[in-house]
Amino acid sequence: MIQSYVELTELPVRPDDVVAKVLSPKCGAIATFFGTTRSTDGENPVTYLEYEAYNSMALTVMKTIAKECRIQWPKLEYVAIIHRLGEVPVGEISVGIALSSPHRADALQAVQFIIDAIKSRVPIWKKEFYADGSACWKENKIPMEMTKHAT
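Residue 25 in the working numbering is what sits at position 34 of the sequence shown, and the numbering runs on without skipping anything.
Have a look at this one:
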């Protein structure tokens, strides 16, 4: 049975801590994803991101996403999802995902599913702050694969 760990934190997300939550001697694969703050939005220099959430709902949806992984990939052993809130400077991690599985295919597919589901369903909002002092709320883009299933 899949065991899951979900967390919202204002502390830095450390890759070793995320991976430690999914270690298992039964598994030969650990897949990870770490989203970091880029130094530019493509046009403007970014100094940091700020994340806000509807905490209780965000945690509930994150747990639901982890449960959906169990249905779609029943051989997964552990899932860990940690999302940072508050200020996240350039180069630091805003979201960490790790999954363990006996084989790599399930873990790799599930990590893609989780990050896409987080961006499209979890009530977490991102504001970019720029070097010139301006700021802009950013809309999460729904991955193309997910829009195909929305109709």
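Glycine included, each C-beta is placed from N, C-alpha and C at the ideal position. Computed from a predicted structure; not experimentally measured.
Contact between the segment 99 to 106 and the segment 32 to 50 is absent: fewer than three C-beta pairs spanning the two stretches fall below 8 Å.
When DSSP states are grouped into helix, strand and coil, valine 70 belongs to the strand group. No Cβ-Cβ contact shorter than 8 Å links alanine 57 with leucine -1.
The way I'd put it, the segment 10 to 27 doesn't touch the segment 115 to 123; fewer than three beta-carbon pairs between them come closer than 8 Å. Of Ala89, Val81, Val79, Glu43, the smallest CA-CA separation from serine 15 is found for Ala89. According to the DSSP assignment, proline 80 belongs to the beta strand (DSSP E) that extends over 77 to 80. If you ignore the 5 residues before and after glycine 82, its C-beta comes within less than 8 Å of the C-beta of Thr27, Thr28, Ser30, all in its own chain and listed in chain order. The beta carbon of tryptophan 128 lies closer than 6 Å to those of Lys118 in the same chain, with the five residues before and after it left out. At the C-beta level, valine -3 and lysine 54 come within 8 Å of one another. Cα atoms of valine 70 and valine 79: separation of roughly 23 Å, rounded to the nearest angstrom. The C-beta distance from threonine 38 to alanine 122 rounds to 6 Å, short enough to meet the 8 Å contact threshold. Close CB contacts of proline 6 within its chain, under the 8 Å cut and outside five residues either way in sequence, are with Thr23, Phe25, Ile84, Gly87 (chain order). Rounded to whole angstroms, the Cβ separation of glutamate 41 and glycine 77 is 7 Å, and the two are in contact under 8 Å. If you ignore the 5 residues before and after tryptophan 64, its C-beta comes within less than 6 Å of the C-beta of Asp97, Ala101, all in its own chain and listed in chain order.
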